[in-house]
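Residue numbers (our numbering): 1 to 337. Notes follow once the structure below has been shown.
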Ligand code: AHG
Ligand code: MN
Ligand code: MN
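Now the structure itself:
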């Protein structure tokens with residue numbers, strides 16, 4: 001149910017203004033920047049909702065820097081974000097999963113300049129089969145003292161100023177944090193506005209659901225295999241399994257209902273498949289703000305990982321704090337001889 005304050009709905013813009021009041025030194029620039037993202041996601045939602053009626057199914061024909069077949073909707077979403085962010089005067093640099101290099105939008109020398117990185121369309125393989133897809137974004141400050149976009153973007157996730165995602169699911173929901181809790185908005189197609197529907201979200205401490213692509217089980221490192229064997233065993237966790245194949249959909253379920261998601265290293269992707277900067281960092285920021293946790297390679301907190309490249313990949317274990325603790329007891333165990 002949409003939340004009301006003094007009898008009125010709360011839009012995303014109003015919520016950001018309220019949050020701004022907590023940062024006396026922040027100008028209105030930040031809310032102006034976020035409004036660029038929300039505008040792009042409304043455009044993307046309108047394409048996603050008309051897939052099949054307009055030509056957005058299938059491959060666009062090229063391969064991206066990730067080595068993946070680019071879908072038509074990947075390009076549409078990427079263009080929508082670049083177009084709307086291009087007109088927000090305080091966006092210095094953007095980086096996208098779909099672009100080889102970060103891009104300087106404008107040289108900026110004032111303090112109120114930001115870097116935005118995004119996965120414009122997450123879960124692309126699900127577009128043609130009408131399964132939920134998403135957009136993930138993260139915002140950093142643009143450091144004045146670092147020259148070169150490719151270096152400015154290499155900041156640890158703990159430096160994020162804000163992060164969020166939009167899930168184009170049964171309804172279109174936007175979830176974001178700017179370090180003061182996690183809040184959810186639902187797009188009201190009648191108003192074309194995101195209205196507040198959940199505030200200060202807290203991830204359940206534990207739940208009996210795990211989420212992983214078990215097709216790769218035999219190529220996961222042995223400790224992950226032992227955890228997964230335990231998690232489904234009647235004398236172990238006795239958990240059930242859910243896996244959508246769109247990270248945003250799998251994560252949102254865990255944010256609301258609890259549980260654990262993992263994408264371990266595989267023989268095909270020994271560094272993990274998911275991207276650190278614009279998939280794992282934003283979700284890790286949200287998870288921790290909601291009381292959950294997110295672990296990367298070597299048992300390290302995702303938000304502490306120092307990136308080497310904008311397209312770095314990382315293994316990911318994310319979700320309810322006690323579920324992640326359980327899994328890490330197996331994963332951190334020395335490999336048995
Ligand atoms: P993207 O569509 O942005 O490339 O992301 C797809 C990711 C993520 O959404 C999902 O969790 C994962 O790929 C699924 O990978 P598998 O198909 O290997 O399970
Ligand atoms: Mn993705
Ligand atoms: Mn993507």
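Each residue gets a CB set at the ideal place from its N, CA and C atoms; glycine is no exception.
Sorry if obvious, but does the Cβ on residue i come closer than 7 Å to a heavy atom of ligand 1?
{"i": "residue 121", "result": "yes"}
{"i": "residue 213", "result": "yes"}
{"i": "residue 263", "result": "yes"}
{"i": "residue 124", "result": "yes"}
{"i": "residue 99", "result": "no"}
{"i": "residue 72", "result": "no"}
{"i": "residue 250", "result": "yes"}
{"i": "residue 273", "result": "yes"}
In this structure, does DSSP put residue i in helix, strand or coil?
{"i": "residue 139", "result": "strand"}
{"i": "residue 122", "result": "strand"}
{"i": "residue 56", "result": "coil"}
{"i": "residue 114", "result": "strand"}
{"i": "residue 89", "result": "coil"}
{"i": "residue 329", "result": "helix"}
{"i": "residue 13", "result": "helix"}
{"i": "residue 2", "result": "coil"}
{"i": "residue 349", "result": "This structure cannot speak to residue 349, because the chain is shown only from 1 to 337."}
{"i": "residue 244", "result": "coil"}
{"i": "residue 131", "result": "coil"}
Hey, would you say residue i sits closer than 8 Å to residue j, going by beta carbons?
{"i": "residue 276", "j": "residue 315", "result": "no"}
{"i": "residue 259", "j": "residue 170", "result": "no"}
{"i": "residue 176", "j": "residue 183", "result": "yes"}
{"i": "residue 255", "j": "residue 290", "result": "yes"}
{"i": "residue 191", "j": "residue 173", "result": "no"}
{"i": "residue 249", "j": "residue 123", "result": "yes"}
{"i": "residue 39", "j": "residue 73", "result": "no"}
{"i": "residue 141", "j": "residue 161", "result": "yes"}
{"i": "residue 239", "j": "residue 210", "result": "yes"}
Throw me the rounded Cβ distance for the residue i and residue j pair, which I believe falls under 8 Å.
{"i": "residue 304", "j": "residue 158", "result": "6 Å"}
{"i": "residue 318", "j": "residue 223", "result": "That pair is no contact at about 17 Å."}
{"i": "residue 103", "j": "residue 93", "result": "7 Å"}
{"i": "residue 322", "j": "residue 205", "result": "5 Å"}
{"i": "residue 69", "j": "residue 79", "result": "Rounded, the Cβ-Cβ distance is 18 Å, inconsistent with contact."}
{"i": "residue 338", "j": "residue 135", "result": "Residue 338 falls outside the range modelled here, since the chain spans only 1 to 337, and no answer is possible."}
Is it the case that the CB of residue i approaches a heavy atom of ligand 2 more closely than 7 Å?
{"i": "residue 247", "result": "yes"}
{"i": "residue 69", "result": "no"}
{"i": "residue 279", "result": "yes"}
Using a threshold of 7 Å, is the CB atom of residue i nearer than that to any non-hydrogen atom of ligand 3?
{"i": "residue 388", "result": "Residue 388 is absent from the model: the chain starts at 1 and stops at 337."}
{"i": "residue 60", "result": "no"}
Worksheet item: Can you list, in chain order, the stretches of the alpha helix (DSSP H) that have 4 or more residues and sit fully within the region 143-227?
Response: Here the runs fully enclosed are 149-152.
Fill in: Secondary structure, beta strand (DSSP E): runs of 3+ residues fully inside the region 265-326
List check, beta strand (DSSP E) in window: 293-295 and 316-319.
Practice prompt. Could you tell me which uninterrupted alpha helix (DSSP H) segments, each at least 4 residues in length, are contained entirely in the region 28-81, listed from first to last along the chain?
Written response: Complete alpha helix (DSSP H) runs here, min 4: 29-49.
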